[in-house]
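Participant: Going letter by letter, the sequence shown gives residues 11 to 262 in the working numbering. In this text, a Cβ means the ideal position worked out from N, Cα and C, and glycines have one as well. Note that the structure is a prediction, hence the values are computed from the model and not measured. Below is the structure I would like to discuss, written out as structure tokens.
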Amino acid sequence: MIYIAQDEAAFVKKAAQLVLETFSGAIEARKRATWALCGGRTPQWVFPKIAEAYYRERIDWKNVLIFWGDERCVPPDHKDSNYKLAKDLMLSKVPVPAENIYRMAGEMTSPHEAARAYETQLKNIFKYDRPFPKFDLIWLGMGEDGHTASLFPGTSALEETEKWVVGHHVERLSSNRLTLTIPVINNARRVVVLCPGESKAPVLRDLFHPLASKNRYPIQRVHPTGGELIWLLDKAAATKLPPDIRNKAQNI
């Protein structure tokens with residue numbers, strides 16, 4: 011499903027509505043909702059909306075478990091921390107219990123050890139889910155190079171088929187990252203790709219072209235098996251979509 015928001019207000023409202031809808035169904039069905047957040051710039055639009063009274067009061071936060079899809083290898087109070095972004099703009103403003111928040115320990119000396127520690131934690135929480143955890147909701151962003159989470163073009167992390175979490179060095183960024191793997195993402199019940207901005211339009215044109223190369227961009231590997239994939243775009247991001255795709259999309 012593709013949604014094209016006509017302005018920022020429509021974009022953030024739809025993103026928040028999808029969160030509320032997903033959580034309500036998950037808690038009714040399984041008594042809890044599991045959510046892996048994304049980092050980068052995009053969530054800073056949506057986090058404050060979810061912290062508003064309408065959503066804050068309708069979400070059963072005591073039964074929501076918060077995780078991250080990826081993290082930079084920095085301390086949790088660092089300006090580049092995905093955890094800090096979520097904490098400052100949303101988590102500190104909603105009644106989610108502290109024990110329900112499971113951040114990636116980006117400050118650990120070894121990203122590989124940090125990844126193993128997070129995977130162990132996930133296995134303790136998703137103990138009945140094998141071979142991979144089944145998140146109710148995973149948020150993803152997409153970079154101008156088609157990367158998603160911290161799965162970048164040409165990195166070995168893209169090829170991981172068994173681990174739940176990997177720590178790796180991204181050469182072109184000269185930084186270490188932690189990330190969920192493609193099999194984990196594809197096992198989710200719902201994946202929402204938050205993708206606003208004109209800079210994303212060329213990649214989106216390539217992704218949805220009928221003759222698109224299947225492995226050009228990391229985001230192309232995201233295909234939930236038995237789950238739902240939702241693209242949430244804005245008008246600027248959608249400008250280069252093929253006409254047949256635009257016609258099938260829902261304008262909001």
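Please report how far the alpha carbon of Thr171 lies from the alpha carbon of Lys224, in whole angstroms.
Facilitator: If you number the sequence shown from 1, residue 171 lands on position 161. If you number the sequence shown from 1, residue 224 lands on position 214. Taking the straight line from one Cα to the other gives about 18 Å.
Participant: Within 6 Å: the Cβ of Leu168 and any heavy atom of the ligand ATP?
Facilitator: This structure lacks the ligand ATP; in fact it carries no ligand of any kind.
Participant: In the DSSP assignment, the alpha helix (DSSP H) including Gly2 goes from what residue to what residue?
Facilitator: Nothing can be reported for residue 2: it is not among the residues displayed for the chain, which extend from 11 to 262.
Participant: Quick one, are the C-beta atoms of Asn9 and Gly49 less than 7 Å apart?
Facilitator: Past the edges of the chain, shown from 11 to 262, lies residue 9, and the structure says nothing about it.
Participant: Is it the case that the stretch 162-169 contacts the stretch 13-31, given that we only count it when at least three CB pairs across the two stretches are under 8 Å?
Facilitator: Because the criterion of three Cβ pairs below 8 Å is not met, the stretch 13-31 and the stretch 162-169 do not touch.
Participant: Round the Cβ separation of Leu99 and Phe33 to the nearest angstrom and send it over; I've been treating them as touching at under 8 Å.
Facilitator: Start at 1 with the first residue of the sequence shown, and residue 99 comes out as number 89. Start at 1 with the first residue of the sequence shown, and residue 33 comes out as number 23. So it is not a contact: roughly 18 Å between Cβ atoms.
Participant: How long is the line joining the alpha carbons of Val201 and Ile148, rounded to whole angstroms?
Facilitator: Walking along the sequence shown from the start, residue 201 turns up at place 191. Walking along the sequence shown from the start, residue 148 turns up at place 138. If you take the alpha carbons of Val201 and Ile148, they lie about 5 Å apart.
Participant: Can you grab the Cα-Cα spacing for the pair Leu251 / Gly156, in whole Å?
Facilitator: Indexing the sequence shown from 1 puts residue 251 at position 241. Indexing the sequence shown from 1 puts residue 156 at position 146. Roughly 15 Å separates the two Cα atoms.
Participant: From Trp78, Glu238, Val22, pick the residue whose C-alpha is nearest to that of Leu132; which is it?
Facilitator: Working through the sequence shown from its first residue, we reach residue 132 at position 122. Selected option, being the one with the closest Cα: Trp78.
Participant: To the nearest angstrom, report how far apart Leu188 and Ile195 are at their CA atoms.
Facilitator: Counting from 1 along the sequence shown, the entry for residue 188 is found at position 178. Counting from 1 along the sequence shown, the entry for residue 195 is found at position 185. When rounded, the distance between both Cα atoms is 14 Å.
Participant: Is Asp216 helix, strand or coil by DSSP?
Facilitator: Residue 216 sits at position 206 when you count from the first residue of the sequence shown. Reduced to three states, the DSSP call for Asp216 is helix.
Participant: Spell out the partners DSSP gives Ala15 in its beta bridges.
Facilitator: Translated into the one-based positions of the sequence shown, residue 15 becomes position 5. Its beta-bridge partners are Asp244.
Participant: Can you tell me whether Lys210 is buried or exposed, with buried defined as 16 or more other CB within 10 angstroms of its CB?
Facilitator: Numbered from 1 along the sequence shown, position 200 holds the residue referred to as residue 210. Under this definition Lys210 is a buried residue.
Participant: Is Glu123 helix, strand or coil by DSSP?
Facilitator: As a working mapping, residue 123 is identified with position 113 in the sequence shown. Here Glu123 sits in helix by DSSP.
Participant: Do you know whose CA, among Pro121, Ala108, Trp71, Ala259, lies nearest Ala43's CA?
Facilitator: Translated into the one-based positions of the sequence shown, residue 43 becomes position 33. Considering only alpha carbons, the answer is Trp71.
Participant: Nearest-angstrom Cα distance between Ala248 and Ile37?
Facilitator: Working through the sequence shown from its first residue, we reach residue 248 at position 238. Working through the sequence shown from its first residue, we reach residue 37 at position 27. Going from the Cα of Ala248 to the Cα of Ile37 covers about 33 Å.
Participant: Extract the residue ranges of the beta strand (DSSP E) inside the stretch 61-136, only unbroken runs of 3 or more that lie entirely within it.
Facilitator: Complete beta strand (DSSP E) runs here, min 3: 74-78, 80-82.
Participant: If we count Cβ pairs, one from each stretch, closer than 8 Å, do we get three or more for the stretch 173-180 versus the stretch 121-136?
Facilitator: In short, these stretches touch, since the Cβ pair count reaches three.
Participant: Among residues of its own chain, excluding the 5 on either side of Tyr227, which ones have a beta-carbon nearer than 6 Å to its beta-carbon?
Facilitator: Here the question's residue 227 lines up with position 217 in the sequence shown. Same-chain partners within the cutoff: Gly156.
Participant: What residue from Asp90, Val106, Pro234, Gly153 has the CA that sits closest to Phe142's CA?
Facilitator: Taking the first residue of the sequence shown as position 1, residue 142 is located at position 132. Checked all of Asp90, Val106, Pro234, Gly153; the closest Cα to Phe142 is Pro234.
Participant: Determine the burial state of Met11: buried for a count of at least 16 other Cβ atoms within 10 Å of its Cβ, exposed for fewer.
Facilitator: Against the sequence shown, residue 11 aligns to sequence position 1. Under this definition Met11 is an exposed residue.
Participant: I need the straight-line Cα distance from Asn73 to Asn186, nearest angstrom please.
Facilitator: As a working note, residue 73 is residue 63 in the sequence shown. As a working note, residue 186 is residue 176 in the sequence shown. Going by the C-alpha atoms only, they are around 32 Å apart.
Participant: Would Lys137 be called buried (16 or more neighbouring beta carbons within 10 Å of its own) or exposed?
Facilitator: In the sequence shown, residue 137 corresponds to position 127, counting from 1. Classification of Lys137: exposed, given that the 10 Å Cβ count is below 16.
Participant: In terms of residue numbering, what span does the alpha helix (DSSP H) encompassing Arg256 cover?
Facilitator: Taking the sequence shown and counting its residues from 1, one reaches residue 256 at position 246. Counting along the chain, the alpha helix (DSSP H) containing Arg256 begins and ends at 253-258.
Participant: Whole angstroms are fine: how far does the CA of Ala26 sit from the CA of Asp254?
Facilitator: Counted from its first residue, the sequence shown places residue 254 at position 244. Counted from its first residue, the sequence shown places residue 26 at position 16. C-alpha separation (whole angstroms): 27 Å.
Participant: Can you tell which of Lys144, Ile69, Leu30 has its C-alpha closest to the C-alpha of Val106?
Facilitator: Counted from its first residue, the sequence shown places residue 106 at position 96. Of the listed residues, the one whose Cα sits closest to Val106 is Ile69.
Participant: Could you give the distance in angstroms between the alpha-carbon of His88 and the alpha-carbon of Lys94?
Facilitator: As a position in the sequence shown, residue 88 is number 78, starting the count at 1. As a position in the sequence shown, residue 94 is number 84, starting the count at 1. Computed Cα separation, rounded: 7 Å.
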